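To start, the structure itself, in structure tokens.
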Amino acid sequence: MEITEHVKALAREGELLAEAAERAGTDAAVPTCPGWRVTDLLRHTGSVHRWATAYVAERRLEPVGFPDAPELVGGELLAWFREGHTDLVRTLDEAPADVQCWTFLPTAPPSPVAFWARRQAHETAVHRMDAESALGAVFSAVEPEFAEDGVDELLTGFHARPRSRVRSAVPKVVRVRAADTGAVWTVHLSAAPARTVGGDTGEAADCELTGEAAWLYAALWNRLPLAGPGVTGDLALARLWTDTAGI
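Position 14, counted from 1, in the sequence shown is what UniProt numbering calls 14; the numbers after and before it change by one each time, with no gaps.
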């Protein structure tokens, strides 16, 4: 996906998140984030948006912590969230392609602007699902190409990091197949961080996860159960993912 496509997705997903949060009310519980209410969701995502904006706008080359969210509630908190989201979209949309700043995934695109546009589009889409869960609503559709891109970022980026807890004392292979886009990933689990290879390597898989890219996206981010007819083979590996893949 191109930077412009990620920025458009970020803009759309942030608007949907705010709309769902407003409809649910800031005191509503967020089932997909146990212990959180919509207030916590807005504060977290709004802080992340401002954190990302600062890297690109200020050309920051070293990591810094998230900014503190203000103790706002109700409509004022929603307005604060929307302001930060708008600033992030504008910053990414207007940033020169050669901006240099800090990034943090091992498979980050060579362009920091591309990295932050992709990362924040998916950050916001996943938290949009959280806001919709507070409504008890079925998640809004995620386009197959966008979902495939997010699965790839999750598998090859987040779970390649040393901090990933998805480990297996005995080496195992998990194959992930997006039935609608044709994308395939082969995930090698061991006592070390997961190693993911694009495509079907031909080796036997201990567990296969097959479904539409949008389902894989939500399930692998633990927003839907990783269960059902699309999960075959060693089901303990699906449970391992559910128990340890939280980010």
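Glycine included, every Cβ here is placed at the ideal spot set by N, Cα and C. From a predicted model like this one, the values you see are computed outputs, not experimental measurements.
Let me confirm a value: residue i is counted as buried when at least 16 other C-beta atoms fall within 10 Å, else exposed. Which label applies?
i: Gln-120; result: buried
i: Arg-165; result: exposed
i: Gly-202; result: exposed
i: Gly-182; result: exposed
i: Gly-150; result: buried
i: Val-138; result: exposed
i: Asp-152; result: buried
i: Gly-65; result: exposed
i: Val-73; result: exposed
i: Arg-239; result: exposed
i: Gly-75; result: exposed
i: Leu-226; result: buried
i: Gly-14; result: buried
i: Ala-204; result: exposed
Return the chain-ordered list of same chain residues with a C-beta closer than 7 Å to the C-beta of residue i, the five sequence neighbours on each side being excluded.
i: Val-142; result: Ala-125, Ala-214, Tyr-217
i: Gly-211; result: Ala-179, Gly-230
i: Arg-23; result: Leu-135
i: Pro-162; result: Pro-193
i: Arg-50; result: Pro-67, Gly-84
i: His-6; result: Ala-117, Arg-118, Ala-121
i: Thr-32; result: Met-129, Asp-130, Ser-133, Arg-223
Going by beta carbon distance, what residues of the same chain come within less than 8 Å of residue i, once the five residues before and after it are set aside?
i: Val-30; result: Trp-36, Arg-37, Val-38, Asp-40, Leu-41, Asp-130, Ala-131, Ser-133, Ala-134
i: Thr-91; result: Thr-53, Val-56, Ala-57
i: Asp-27; result: Arg-37, Val-38, Thr-39
i: Leu-237; result: Ser-168, Lys-172, Val-174, Leu-189, Asp-206, Cys-207
i: Arg-59; result: Val-99, Gln-100, Cys-101
Counting only the same chain and skipping the five closest in sequence on each side, list residues whose C-beta sits under 6 Å from that of residue i.
i: Thr-244; result: Arg-165, Val-166
i: Ala-9; result: Ala-121, Phe-146
i: Ala-95; result: Val-56, Val-113
i: Asp-93; result: Val-7
i: Met-1; result: Asp-149
Assuming residue i contacts residue j (C-beta within less than 8 Å), just tell me the rounded distance between them.
i: His-188; j: Pro-171; result: 7 Å
i: Val-113; j: Ile-3; result: 6 Å
i: Thr-196; j: Thr-156; result: 5 Å
i: Leu-17; j: Arg-128; result: 4 Å
i: Gly-233; j: Asp-200; result: The pair is not a contact, with the Cβ atoms about 14 Å apart (cut-off 8 Å).
i: Val-174; j: Leu-209; result: 7 Å
i: Gly-198; j: Asn-222; result: So it is not a contact: roughly 22 Å between Cβ atoms.
i: Pro-109; j: Phe-115; result: 5 Å
i: Leu-154; j: Leu-224; result: The Cβ separation is near 14 Å, so there is no contact.
i: Ala-21; j: Leu-78; result: 6 Å
Does the pairing of the region 40-48 with the region 74-90 give three or more beta-carbon distances under 8 Å? yes
Would you call the region 97-111 in contact with the region 53-65, where contact means no fewer than 3 C-beta pairs closer than 8 Å? yes
Where are the beta strand (DSSP E) runs, 3 residues long or more, that stay fully inside the region 136-207, in chain order? List check, beta strand (DSSP E) in window: 172-178, 184-189, 195-198.
If we require 4 or more residues per run, which alpha helix (DSSP H) segments fall completely within the region 44-115? 74-94
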